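Worksheet: one structure, shown below.
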Amino acid sequence: MDLDHLPPLRDVLDAHDLAAKKSFGQHFLFDLNITRKIARLADVHAGDHVIEVGPGPGGLTRALLETGAQVTAVEKDPRFLRLLEELSQAAGGALTVHLDDALTADETALAAGRPTAIVSNLPYNVGTPLLIKWLTGPFTPRSLTLMFQKEVAERIVAAPGSDAYGRLAVIAQATAQARLVMEVSPRAFTPPPKVTSAVVHLVPHATRLDQALLDSLQTLTAAAFGQRRKMLRSSLKQLGGDTICEKAGIDPSRRAETLDVEEFLNLARAR
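Numbering of the sequence shown is given in the UniProt record's numbering, commencing with residue 1 and proceeding in unit increments.
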């Protein structure tokens, strides 16, 4: 059997007696029109290397393999290993499966020196910490094309002054170009989630921020947005308050949601 003659995913799940686990935040995406569109939005082509987190039954995996990409899948749920191994055989070995927790997986080792895109329909319960890990950790992907709850996706791309603007927007936009590129109805999933989903495409900036600056930015944004209605002199009091605002050339009476990304970087440099 090859990729062109695989049975429908629903039939595969029934054959393996598999269902989504709520504890893993699993919502399966069976619509190949949608998964193929995600692969196109990820700009994945033959010979590219892709890391996919949480492939489950392999709906998005199939679409990625159809492009001719080499796919490394990181799956926490051992129930799917046999199914994914069958998919790997159908793809002529283009799929490699690792039983691991993506929160602790070593992407540098998985990439093995290859430029690597990360493409994933992320489990809702770990989407944000995984994004922070990939944007601020030691491994820098070529790009990230990720499915989130729409509310989270909007927070990633939010502009200063908007209700959605916060710590996640600052960190994402300080480290990458981020665009919301697609919305997905709950009806596309099995089981359907209670919320609309959205795909965000991120391309890390060519020049990576110094790790000390990244760490400082994370500390600052956590404090500033932890008390977002307070003036910076109050919310950042434990970090220097008036002093670091003065060094960064920022009025300490301003509130966190009014600062743009570059101003937050200036504050991080001032610490």
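For glycine and all other residues, C-beta sits at the position ideal for the given N, C-alpha and C. The structure presented is a predicted model; accordingly, all values stated were derived computationally and were not measured.
With a threshold of 6 Å on Cβ separation, who are the neighbours of residue i within its own chain once the five nearest residues in sequence on each side are excluded?
i: His5; result: none
i: Thr136; result: Leu214
i: Asp2; result: Ala90
i: Pro115; result: Arg142
i: Pro193; result: His27, Pro186
i: Val157; result: Ala178, Leu180
i: Ser253; result: Met231
i: Val74; result: Val53, His98, Asp100, Ala102, Ala105
i: Ala69; result: Val44, Asp48, Val50
Helix, strand or coil for residue i, going by three-state DSSP, please let me know.
i: Leu209; result: coil
i: Gln149; result: strand
i: Ser143; result: strand
i: Ser88; result: helix
i: Val44; result: coil
i: Val195; result: coil
i: His5; result: helix
i: Phe30; result: coil
i: Leu99; result: strand
i: Thr35; result: helix
i: Pro78; result: helix
i: Thr190; result: strand
CB-CB under 8 Å to residue i, same chain, minus the five flanking residues each way: which ones, in chain order?
i: Leu239; result: Thr219, Leu220, Ala223, Arg271
i: Leu41; result: Thr145, Val181, Met182, Val199, His201
i: residue 320; result: Residue numbering for the chain in the displayed model covers 1 to 271; residue 320 lies beyond these limits and cannot be assessed.
i: Ala248; result: Glu263, Asn266, Leu267, Arg269, Ala270
i: Ile118; result: Val50, Ile51, Glu52, Val53, Glu107, Trp134, Pro141, Ser143, Leu144, Thr145, Leu146
Pick out whichever of the options has its Cα sitting closest to the Cα of residue i.
i: residue 272; options: Arg254, Phe139, Ala212, Asn121; result: Residue 272 lies beyond the range of the chain shown here (1 to 271); nothing can be said about it.
i: Arg255; options: Arg269, Gly161, Pro191, Ala178; result: Gly161
i: Asp11; options: Lys76, Ala69, Leu83, Ala39; result: Leu83
i: Glu66; options: Leu81, Val74, Gly47; result: Gly47
i: Lys76; options: Ala69, Ala105, Val50; result: Ala105
i: Val170; options: Leu110, Leu87, Thr258; result: Thr258
i: Arg62; options: Gly93, Asp251, Asp242; result: Gly93
i: Leu95; options: Pro7, Pro55, Cys245, Thr243; result: Pro55
For residue i, collect the residues of the same chain with a Cβ closer than 7 Å to its Cβ; drop the 5 residues on either side in sequence, then sort them by chain order.
i: Gly59; result: Leu9, Phe28, Leu29, Phe30, Thr35
i: Gln149; result: Tyr124, Val195, Ser197
i: Leu209; result: Ala174, Thr175
i: Thr140; result: Pro204, Arg208
i: Pro138; result: Thr108
i: Ala159; result: Tyr165
i: Phe225; result: Gly166, Arg167, Ala256
i: Val261; result: Val170, Gln173, Ala174
Could you spell out where the beta strand (DSSP E) holding residue i opens and where it closes?
i: Glu183; result: 176 to 184
i: Leu259; result: Where Leu259 is concerned, there is no enclosing beta strand (DSSP E), given that its DSSP letter is neither H nor E.
i: Thr116; result: 116 to 121
i: Ala73; result: 70 to 75
Just how far apart, CA to CA, sit residue i and residue j?
i: Pro186; j: Leu32; result: 15 Å
i: Val53; j: Val44; result: 16 Å
i: Ala153; j: Met147; result: 8 Å
i: Asp17; j: Val71; result: 25 Å
i: residue 298; j: His98; result: Residue 298 is absent from the structure shown; the chain starts at 1 and stops at 271.
i: Val184; j: Ala19; result: 21 Å
i: Arg228; j: Ser235; result: 7 Å
i: Leu64; j: Ala212; result: 35 Å
i: Phe189; j: Gly113; result: 34 Å
Assuming residue i is part of the alpha helix (DSSP H), what are its boundary residues?
i: His16; result: 9 to 16
i: Ile132; result: 127 to 136
i: Leu64; result: 59 to 66
i: Leu110; result: 107 to 111
i: Ile51; result: Counting along the chain, Ile51 falls outside any alpha helix (DSSP H), though it belongs to the beta strand (DSSP E) covering 49 to 53.
i: Asp242; result: 242 to 248
i: Leu239; result: Careful: Leu239 lies outside any alpha helix (DSSP H) and carries neither H nor E.
i: Arg271; result: Segment: none, Arg271 is in no alpha helix (DSSP H) and carries neither H nor E.
Sorry if obvious, but does the Cβ on residue i come closer than 7 Å to a heavy atom of the ligand PLP?
i: Gly56; result: Ligands in the displayed structure: none, and consequently the ligand PLP is not present.
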